[in-house]
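**Q** Note that the UniProt record's numbering has the sequence shown beginning at 1, numbered continuously upward. This structure is in structure tokens; I'll ask about it shortly.
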Amino acid sequence: MDSDESAMPEREIVAVTLSKDSRGRLGVKITGTPAGIYIGDFDPSGVMVVSGRLTPGDRIIAVNGRSLENVSYNTTLELIKKSPKNVQFLVSQLKASS
């Protein structure tokens with residue numbers, strides 16, 4: 001392995017299903033960049049913080065089985081908003097150290 005490969009952090013794909021609160025919110029901010037859609041900040045009392053499964057900077061790959069490749073930020077927000085109570089995220093995140 002050359003030095004460039006060892007410098008790249010390992011990532012893993014994780015599926016996380018979360019439930020909306022009584023107001024239909026997940027308690028997280030989603031951010032959009034030209035590189036993709038990401039988990040942003042959390043509401044300190046939100047569902048995602050309690051779950052501990054997602055972290056800021058996780059890249060969202062799919063919502064409820066729908067790929068977010070070439071999908072806009074606004075379309076992603078609509079997908080989440082129109083989702084039933086349970087929303088499944090497929091995310092790419094840094095692999096936990098063992």
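Here a beta-carbon is modelled for each residue, glycine too, at the ideal position from N, C-alpha and C. Since this is a predicted model, take the numbers as computed values, not measurements.
1. Taking Cβ to Cβ, would you say Leu26 is nearer than 8 angstroms to Val63?
2. Mind reading off the beta-carbon distance from Leu90 to Ile39? Whole number of angstroms is fine, and I expect it under 8 angstroms.
3. Whole alpha helix (DSSP H) runs in the UniProt domain "PDZ" (15-95) with 4 or more residues, listed along the chain?
4. Find the nearest neighbour of Arg66 within the set Asp58, Glu78 and Gly57, judged by alpha-carbon distance.
5. Rounded to the nearest angstrom, what separates Ile80 and Met8 at their Cα positions?
6. Assuming Leu68 contacts Ile37 (C-beta within less than 8 angstroms), just tell me the rounded distance between them.
7. Out of Pro84, Thr33, Pro56 and Lys95, which has the shortest C-alpha to C-alpha gap to Ser22?
8. Out of Tyr73, Ala35, Arg59 and Pro34, which has the shortest C-alpha to C-alpha gap to Val16?
**A** Let me spell this out:
1. no
2. About 12 angstroms; that fails the 8 angstroms criterion.
3. 47-51 and 73-82
4. Glu78
5. 31 angstroms
6. 5 angstroms
7. Pro84
8. Arg59
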